[in-house]
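Asks:
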Amino acid sequence: MNHFNFKSLAFYGVTIVSVLLLFRFVSVYGENNLKAPPPLNSRYRLTLSENLPKCEKSDTLTLNIQQSGIYLNASVLPANAKADTDEKHSLAGIFKNRHLNLSGKVGRSILCNIPRPQNDPLNSVTIQMQLVDKGNMTGQLTINGIPQTLKFTAVPEKAEEKSQKF
Amino acid sequence: MHIVILVLVEVLIIIGLSRLVGLGFRSIKQPLVIGEIVAGIMLGPSLFGLVAPDVAVTLFPPETIPFLNVLSQVGLIFFMFLIGLELNPKYLSGQLEVAILTSHISILVPFSLGTLLAVILYPLVSNASVSFTTFALFLGAAMSITAFPVLARIITENNLQGTRLGTLALTCAAVDDVTAWCLLAVAIAVARTGDFAGAIPTIIASIVYIGLMLTAGRWFLQRLAKHYLRAGRLSQLLLAGIYMGVVASALITELIGIHLIFGAFLLGAAMPKNEDLVRELAVKTEDFVLIFLLPIFFAYSGLKTQIGLLNRPELWLLCALILGVAIAGKYVGTYVAARVSGINKREASALGWLMNTRGLTELIVLNIGLELGVISPLIFTMLVIMALVTTFMTSPLLEWTYPKKLIRLDVVEPESEAETDINTSAGRETYPHPFRILVPVANPSTQKGLVQLAVTLAQPAVGIALNYRYPAIVNPLSLIEFEEDYAFESTPVEADRLIAQRRQQLEELINTLEPPETRSCVHPIVRISSNVARETAQIATLEQVNLILVGWHRPAFSSNRFGGRVGQMLTTAPVDVAVFVDKGKEQLESLLVPYSGNIHDDLALILALRLLINRETCMLQILQIVANHTKEELSYELNTMMEQLPTSVRDRIEIKIIEAPEPVQAVIQASESVDLTIAGTSRPWGIERQTLGRYTDQLAMQCRSSLLITRRYSQVTAHLASMLPEISSQEPTLRS
Numbered sequence: 803m804n805h806f807n808f809k810s811l812a813f814y815g816v817t818i819v820s821v822l823l824l825f826r827f828v829s830v831y832g833e834n835n836l837k838a839p840p841p842l843n844s845r846y847r848l849t850l851s852e853n854l855p856k857c858e859k860s861d862t863l864t865l866n867i868q869q870s871g872i873y874l875n876a877s878v879l880p881a882n883a884k885a886d887t888d889e890k891h892s893l894a895g896i897f898k899n900r901h902l903n904l905s906g907k908v909g910r911s912i913l914c915n916i917p918r919p920q921n922d923p924l925n926s927v928t929i930q931m932q933l934v935d936k937g938n939m940t941g942q943l944t945i946n947g948i949p950q951t952l953k954f955t956a957v958p959e960k961a962e963e964k965s966q967k968f
Numbered sequence: 023m024h025i026v027i028l029v030l031v032e033v034l035i036i037i038g039l040s041r042l043v044g045l046g047f048r049s050i051k052q053p054l055v056i057g058e059i060v061a062g063i064m065l066g067p068s069l070f071g072l073v074a075p076d077v078a079v080t081l082f083p084p085e086t087i088p089f090l091n092v093l094s095q096v097g098l099i100f101f102m103f104l105i106g107l108e109l110n111p112k113y114l115s116g117q118l119e120v121a122i123l124t125s126h127i128s129i130l131v132p133f134s135l136g137t138l139l140a141v142i143l144y145p146l147v148s149n150a151s152v153s154f155t156t157f158a159l160f161l162g163a164a165m166s167i168t169a170f171p172v173l174a175r176i177i178t179e180n181n182l183q184g185t186r187l188g189t190l191a192l193t194c195a196a197v198d199d200v201t202a203w204c205l206l207a208v209a210i211a212v213a214r215t216g217d218f219a220g221a222i223p224t225i226i227a228s229i230v231y232i233g234l235m236l237t238a239g240r241w242f243l244q245r246l247a248k249h250y251l252r253a254g255r256l257s258q259l260l261l262a263g264i265y266m267g268v269v270a271s272a273l274i275t276e277l278i279g280i281h282l283i284f285g286a287f288l289l290g291a292a293m294p295k296n297e298d299l300v301r302e303l304a305v306k307t308e309d310f311v312l313i314f315l316l317p318i319f320f321a322y323s324g325l326k327t328q329i330g331l332l333n334r335p336e337l338w339l340l341c342a343l344i345l346g347v348a349i350a351g352k353y354v355g356t357y358v359a360a361r362v363s364g365i366n367k368r369e370a371s372a373l374g375w376l377m378n379t380r381g382l383t384e385l386i387v388l389n390i391g392l393e394l395g396v397i398s399p400l401i402f403t404m405l406v407i408m409a410l411v412t413t414f415m416t417s418p419l420l421e422w423t424y425p426k427k428l429i430r431l432d433v434v435e436p437e438s439e440a441e442t443d444i445n446t447s448a449g450r451e452t453y454p455h456p457f458r459i460l461v462p463v464a465n466p467s468t469q470k471g472l473v474q475l476a477v478t479l480a481q482p483a484v485g486i487a488l489n490y491r492y493p494a495i496v497n498p499l500s501l502i503e504f505e506e507d508y509a510f511e512s513t514p515v516e517a518d519r520l521i522a523q524r525r526q527q528l529e530e531l532i533n534t535l536e537p538p539e540t541r542s543c544v545h546p547i548v549r550i551s552s553n554v555a556r557e558t559a560q561i562a563t564l565e566q567v568n569l570i571l572v573g574w575h576r577p578a579f580s581s582n583r584f585g586g587r588v589g590q591m592l593t594t595a596p597v598d599v600a601v602f603v604d605k606g607k608e609q610l611e612s613l614l615v616p617y618s619g620n621i622h623d624d625l626a627l628i629l630a631l632r633l634l635i636n637r638e639t640c641m642l643q644i645l646q647i648v649a650n651h652t653k654e655e656l657s658y659e660l661n662t663m664m665e666q667l668p669t670s671v672r673d674r675i676e677i678k679i680i681e682a683p684e685p686v687q688a689v690i691q692a693s694e695s696v697d698l699t700i701a702g703t704s705r706p707w708g709i710e711r712q713t714l715g716r717y718t719d720q721l722a723m724q725c726r727s728s729l730l731i732t733r734r735y736s737q738v739t740a741h742l743a744s745m746l747p748e749i750s751s752q753e754p755t756l757r758s
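So this is what it looks like as structure tokens:
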């Protein structure tokens, strides 16, 4: 058989070995020099230091985060929302140097923790967070139209058992 | 709502939508499977969840997703078994040396580029819980995928399976497929254990299991095949055993630490490739898997595809970069390797595009990656887009680099081509082109009359000496149309078998034609086609056919006589068409041409004259019907032509002019005493060119003899020129 002669085998050997060497080189380089952002929890409980103005009660909120590297998509939910609620992510942002920046729109009913009315006015919000030890975060919430910034702490919630895995 | 009911409603929606979108994609000449993948994406957050988020959450609540996952995994296992089953060593027979080189390079180049791409992507779209090595390995594997099953269908659909390009692409894809699965197995092992060193036991265990399957497993399966051959059929017990084997093998590979799908694939690949066993097994398994389970996999995958995640311009740029690297890696790798192996530019380029087909194999790989957490939802979406685009572009790019008209009609018998070549090259000045009749034959066993008529039209009987004769060729055309484009029957090996079978039937038909001398001018064409009418018209144009002679049977359920394929051919074919309604008369000796003097009638008359010249015993009656007392005569041109006919022919023509208020009735009456009535599609005879009006079929229904309906396309085809040179100058101007 022609294709098993020495020349072809040598060619295949050389190409395969060089690709493996390239892979080896790139992976060593990557492991040592490239740093991907640390994994974030998918669910945080936000405890606000003070009540939202114009709200009667708004002590805690839930922040759902879907992380794809440095790109984040998130949604703010009432604190008692079910763990697997599939809410559309309304906030988008970037995670860089242990610092999160999220902005988007959140319904007023969620922020105030009241039942959702027919016409839920949307507030533009900006969330800035800083990763501190043990995955906890501190940050501030800015709501468009409200001058003061609200400080909060975010504690990761235990990820509930993932249903996809077999 | 009860969860089972909800899941069943979901399945209903999934299957319905995937069929609908699939058919939509088929109509734009794309594989059905792309449509099904798109349907899955439409059901997810990318479209349904975007336009109606509340309805989407109600219909696809998170608690039903695990059930869809179970169904999709079952579907995947059996689908992988089918892929393995389809992998036939026959595909490895053609040009192995070129194929091995090409497939090697076409994996190594995109793999290397994928590894390099990981350097850019890893800090952006991955997180620290995934090691760089795993990420790079996985991205490399995702880039080097070629979807064998989708490619095989594209090749069959384009009738490439017999050509050099087709066999080469299939061999490359088969080698690629196996290599890519091995690569993926390694990537999964590394992903699960974290590094190469940890993956080594898994890799060793996998190799041992593969070895076992290919030796002991194969030995056992061969005994099973022997049992099948003795029994002659696949019993339910045997099938149960095989299905248990599939699931058990899947479980073993999962336990080893690679993935469920590998075990199923391996068992399929290890199955002895006994033609009948494989076909019966595939046919029994595929319908439920492909119709019911696979769309669920697509929907499950679509639910996780969130195109909305690409919400920044830079992310679309990254997506374009991934797409560019994927396409360039496969294309350049394949092209260069093929050129080095001595393949010409056009074929190398076509091969490059073909190998870019990633289709649902890529989707399988991506879902595994997402499930293992190796890739993030964002890069999953980007790679799904890449898989869709690379598959979608294959057919149009193939057509662009390697147009159908350049693909040799290599299913035409080689001798016929050689003969045509000799004829045309030897006497180019005297014979510009042979007289060619294309005869679409749907069922060789019932359409002998049609082919016999074509032969009589084409060739003079023995003993008739004509001083001037064109070569004439009759091409019975048998197009095999697949109902499903993703069934086992549309795999290249199976398509070849069907073509050979149909060719055999046609040969048998040809061998019954009389007189035997004429059989040499009959050259069948057998091809796969997705649209019979369109393909017929295309072949007619490519082969420079003079006449399409098509048979017509009364449709069983439709009142529209000339609707369906015959109607489509009549409207679309850019050549003269004659429709033969066979009333079963063996001899066609006495002919009747009702003549009202339009171009279609001229064709009718010309064909009648051909028959007259070719058969010395033929008699022709030309019937002219006048509505009132004005006595019409044959047109000047026709008269001139008649005068030029040899006396021996002219003596057998009788011109009858009668007066009748209803021409159709008069013809029907006259047809009683003849064997064949030849009529143009003109208004007086009730047959319009479109043949869809309300007068359309009176003649076809009531005519007492066999009927040949003619529709002239071009006014300058010289049907008689091949027999009577002196007429050729008049014929085109027969009627203006």
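Protein chains in written order, with this note's numbering: chain A, 803 to 968; chain B, 23 to 758.
C-beta atoms are modelled at their ideal positions from N, C-alpha and C, and glycine is treated no differently.
(1) Contact criterion: CB-CB distance below 8 Å. Does residue 333 of chain B meet it with respect to chain A?
(2) If contact is defined by three or more beta carbon pairs under 8 Å, each pair taking one atom from either stretch, is the region 121-139 of chain B in contact with the region 196-208 of chain B?
(3) Determine the chain B residues that contact residue 872 of chain A at a beta-carbon separation under 7 Å, and present them in chain order.
(4) What's the gap between the Cα of residue 627 of chain B and the Cα of residue 617 of chain B?
(5) Check whether the Cβ atoms of residue 412 of chain B and residue 379 of chain B lie closer than 8 Å to each other.
(6) Can you give me the C-alpha to C-alpha distance between residue 194 of chain B and residue 122 of chain B, rounded to a whole angstrom?
(7) Nearest to residue 28 of chain B by alpha carbon, out of B:87, B:40 and B:63?
(8) For a quick check, are the C-beta atoms of residue 621 of chain B and residue 646 of chain B less than 8 Å apart?
(9) Give a yes or no on whether the minimum CB-CB distance between residue 894 of chain A and chain B is below 8 Å.
(10) Within 10 angstroms of the Cβ of residue 873 of chain A, are there 16 or more other Cβ atoms? Answer buried if so, exposed if not.
(11) Confirm, please, whether the CB-CB distance from residue 314 of chain B to residue 37 of chain B is below 8 Å.
(12) Under the three-state reduction of DSSP, which class applies to residue 661 of chain B: helix, strand or coil?
(13) Please confirm whether residue 947 of chain A has its beta-carbon closer than 8 Å to some beta-carbon of chain C.
(14) With respect to the alpha helix (DSSP H) encompassing residue 901 of chain A, which residues constitute its N-terminal and C-terminal limits?
(15) Would you kindly work out how many angstroms separate the C-alpha atoms of residue 401 of chain B and residue 546 of chain B, rounded to a whole number?
(16) Using the Cα positions of residue 847 of chain A and residue 331 of chain B, report the straight-line distance between them to the nearest angstrom.
(17) Would you list the residues sitting across from residue 925 of chain A in a DSSP beta bridge?
(18) List the DSSP bridge partners of residue 846 of chain A.
(19) Is the region 249-265 of chain B close to the region 75-87 of chain B, with three or more CB pairs under 8 Å?
(20) Just how far apart, CA to CA, sit residue 551 of chain B and residue 703 of chain B?
(21) Going by C-alpha to C-alpha distance, which of B:67, B:469, B:694 and B:256 sits closest to residue 326 of chain B?
(22) Residue 156 of chain B lies in the alpha helix (DSSP H); which residues open and close that run?
(23) Quick check on DSSP: helix, strand or coil for residue 897 of chain A?
(24) Please confirm whether residue 168 of chain B has its beta-carbon closer than 8 Å to some beta-carbon of chain A.
(25) Give the single residue among A:951, A:854 and A:956 whose Cα lies nearest to the Cα of residue 934 of chain A.
(26) Per the DSSP calculation, residue 352 of chain B is bridged to which residue(s)?
(27) State the Cα-Cα distance for the pair residue 347 of chain B and residue 178 of chain B, rounded to the nearest angstrom.
(28) Using a beta-carbon distance below 8 Å, is residue 832 of chain A in contact with chain B?
(29) Return the residue from the list B:279, B:267, B:110 and B:696 that minimises the CA-CA distance to residue 614 of chain B.
(30) Measuring only the C-alpha atoms, how far is residue 820 of chain A from residue 290 of chain B?
(31) Is the separation between the beta-carbon of residue 51 of chain B and that of residue 417 of chain B shorter than 8 Å?
(32) Taking a Cβ distance cut-off of 7 Å, strictly less, list which residues of the region 835-868 of chain A are near chain B, in chain order.
(33) Given a cut-off of 8 Å, decide if residue 161 of chain B and residue 143 of chain B are closer than it, judged by their beta-carbon atoms.
(34) Between the region 95-110 of chain B and the region 350-369 of chain B, are three or more C-beta pairs nearer than 8 Å?
(35) For the beta strand (DSSP E) containing residue 280 of chain B, name the first residue and the last one.
(36) Taking any Cβ of chain A, which residues in the region 113-137 of chain B have a Cβ under 7 Å from it, in chain order?
Replies: In this structure, then:
(1) Yes, because at least one Cβ of chain A sits closer than 8 Å to the Cβ of residue 333 of chain B.
(2) A contact exists between the region 196-208 of chain B and the region 121-139 of chain B.
(3) The CB of residue 872 of chain A comes closer than 7 Å to the CB of 146 in chain B, given here in chain order.
(4) Here the alpha carbons of residue 617 of chain B and residue 627 of chain B stand approximately 8 Å from one another.
(5) Residue 412 of chain B is a Cβ neighbour of residue 379 of chain B, given a cutoff of 8 Å.
(6) Computed Cα separation, rounded: 7 Å.
(7) When B:87, B:40 and B:63 are compared, the shortest CA-CA separation from residue 28 of chain B is found for B:87.
(8) In this structure, residue 621 of chain B sits away from residue 646 of chain B, with a CB-CB distance that is not shorter than 8 Å.
(9) For residue 894 of chain A, the answer is yes, since a Cβ of chain B falls inside 8 Å of its Cβ.
(10) Residue environment for residue 873 of chain A: buried (at least 16 other C-beta atoms within 10 angstroms of its C-beta).
(11) Taking 8 Å as the Cβ cut-off, residue 37 of chain B and residue 314 of chain B qualify as a contacting pair.
(12) Here residue 661 of chain B sits in helix by DSSP.
(13) You won't find chain C in this structure, because its protein chains are A and B.
(14) Counting along the chain, residue 901 of chain A falls outside any alpha helix (DSSP H), though it belongs to the beta strand (DSSP E) covering 901-909.
(15) So the two alpha carbons sit approximately 52 Å from each other.
(16) Computed Cα separation, rounded: 23 Å.
(17) BP columns for residue 925 of chain A point to A:908.
(18) Among the bridge pairs identified by DSSP, residue 846 of chain A is matched with A:865 and A:958.
(19) These segments do not touch.
(20) When the Cα atoms are used, residue 551 of chain B and residue 703 of chain B turn out to be separated by approximately 28 Å.
(21) For the residues B:67, B:469, B:694 and B:256, the minimum Cα distance to residue 326 of chain B belongs to B:67.
(22) Note, residue 156 of chain B: alpha helix (DSSP H), 154-165.
(23) In the three-state scheme derived from DSSP, where H, G and I count as helix and E and B as strand, residue 897 of chain A is classed as strand.
(24) No - not a single Cβ of chain A is within 8 Å of the one on residue 168 of chain B.
(25) By alpha-carbon distance to residue 934 of chain A, the top candidate from A:951, A:854 and A:956 is A:956.
(26) Beta-bridge partners assigned by DSSP to residue 352 of chain B: none are found.
(27) Rounded to the nearest whole angstrom, the CA to CA distance from residue 347 of chain B to residue 178 of chain B is 28 Å.
(28) Closer than 8 Å: yes.
(29) Looking at the Cα atoms, B:696 is the closest of the given residues.
(30) In this model, residue 820 of chain A and residue 290 of chain B are separated by some 33 Å (Cα to Cα).
(31) Cβ atoms of residue 51 of chain B and residue 417 of chain B: closer than 8 Å.
(32) Listed in sequence order: 836, 837, 838, 839, 840, 841 and 868.
(33) Between residue 143 of chain B and residue 161 of chain B, the C-beta spacing is below 8 Å.
(34) Touching, no.
(35) For residue 280 of chain B, there is no enclosing beta strand (DSSP E), as DSSP marks it with neither H nor E.
(36) Taking a C-beta cut-off of 7 Å against chain A, the contacting residues of the region 113-137 of chain B are 118, 119, 122, 126, 130, 133, 134 and 137, listed in chain order.
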